[in-house]
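The sequence shown begins at 1 in UniProt numbering and counts up one residue at a time.
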Amino acid sequence: MNALGKLKFEPPKTPQPERLRVIACGMIAREILAIREQFGLDHVELKCLPAIYHHYPDRIAPAVERAIRRARREGIERIFIGYADCGTGGALDKICDKYGVERIAGPHCFSFYVGNEVFAERWDDDMTSFFMTDFLARQFEAFLVKPLGLDRHPELRDMYFGNYSKMIYLAQTDDPELSQKAEEAAAFLGLAYERRFTGFGDLVSAIRQAGGGNSPPAYS
């Protein structure tokens with residue numbers, strides 16, 4: 001046997017993607033983890049910030065900046081921000097620009113769940129609607145009723161929700177129990193109820209593109 005016969009040829013190993021940290025709102029954690037599992041994005045790790053910042057958008061940009069700096073101290077260079085603008089009035093974009101990272105497109109999660117283009121097209125018809133997601137349906141009492149004091153002062157309901165014409169439940173999943181909770185929440189708030197199935201919308205492409213090794217587009 002010649003020398004070549006003793007050589008073992010192994011197929012080239014596929015390089016593993018560099019670790020990516022997604023710094024995200026706790027309201028969309030379940031959906032990001034589902035996307036990671038569905039598409040085998042094992043190199044994507046999730047760092048959640050408190051969902052309650054939904055009520056305090058001025059806290060989002062400073063918290064994201066702290067999380068970015070912490071990640072960089074840990075040696076993580078690839079970072080993606082799992083927020084839309086989310087009421088920060090451009091403050092989050094300034095942080096993203098400062099550190100050279102990207103975020104999810106759109107004004108808020110309701111928009112990217114629907115799909116930003118579709119949401120914008122329907123805005124004239126939906127602008128007086130109160131939007132609910134799977135998270136909000138699941139956490140309605142803990143996340144909305146109690147923080148707003150509606151359990152103690154039900155008379156505040158109309159002050160908070162009197163200008164809405166209906167509730168639109170943007171369903172990420174086909175879950176009859178969540179649909180029932182959303183409908184009950186609409187009744188509690190004195191609003192007409194409509195359910196629209198959205199799935200995960202633009203969140204899927206945002207996480208897949210960020211996790212796939214290609215530079216995501218500059219979102220605004």
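Every residue gets a Cβ at the ideal spot worked out from N, C-alpha and C, and that includes glycine.
Keep in mind that this is a model prediction, so the values were computed, not measured.
TODO: Could you name the residues of the same chain whose beta carbon sits closer than 7 Å to that of Thr88, not counting the 5 residues immediately before and after it, in chain order?
DONE: Within its own chain, the residues whose Cβ lies closer than 7 Å to the Cβ of Thr88, once the five positions on either side in sequence are excluded, are Pro57, Ile60, Ala61, listed in chain order.
Open item on the list: So, for Tyr193: in the same chain, excluding its five sequence neighbours on each side, which residues have a beta-carbon less than 6 Å away from its beta-carbon?
Closed with: Only residues of its own chain outside the window of five on either side were considered, and among them Met167, Glu183, Ala186 have a CB closer than 6 Å to the CB of Tyr193, listed in chain order.
TODO: State buried or exposed for Val118, treating a residue as buried only when at least 16 other CB atoms are found within 10 Å of its CB.
DONE: Under this definition Val118 is an exposed residue.
Open item on the list: Using CA atoms only, rank isn't needed, just tell me which of Gly212, Val22, Gly211, Ile32 is closest to Tyr113.
Closed with: Per the Cα distances, Ile32.
TODO: Flag this pair as yes or no: are the beta carbons of Gly82 and Gly201 separated by less than 9 Å?
DONE: With contacts defined as CB atoms closer than 9 Å, Gly82 and Gly201 fail to qualify as a contacting pair.
Open item on the list: Helix, strand or coil, according to DSSP, for Glu45 in the structure here?
Closed with: In the three-state scheme derived from DSSP, where H, G and I count as helix and E and B as strand, Glu45 is classed as strand.
Open item on the list: Give me, in chain order, the residues of the same chain whose beta-carbon lies closer than 7 Å to that of Pro217; leave out the 5 immediate sequence neighbours on both sides.
Closed with: Reliability of the predicted coordinates at Pro217 is poor, the pLDDT of 38 falling under 50, and no value is obtained from them.
- [ ] From the DSSP output, in three-state form, read off Ala63 for me.
- [x] Residue state, collapsed to three classes: helix.
- [ ] Could you check if Gln172 is buried or exposed, using at least 16 other CB atoms within 10 Å of its CB as the buried criterion?
- [x] By the neighbour-count criterion, in which 16 or more other beta carbons inside 10 Å mark a residue as buried, Gln172 falls on the buried side.
Task: Beta carbon of Thr128 nearer than 9 Å to that of Phe110 - done: Contact: no.
Task: Length-filtered (3 minimum) beta strand (DSSP E) runs lying within the region 138-201 - done: Restricting attention to beta strand (DSSP E) runs no shorter than 3 residues, the region 138-201 encloses them at 166-171, 192-197, ordered along the chain.
Open item on the list: Buried or exposed, going by whether 16 or more other CB atoms sit within 10 Å of the CB of Asp85?
Closed with: It counts as buried.
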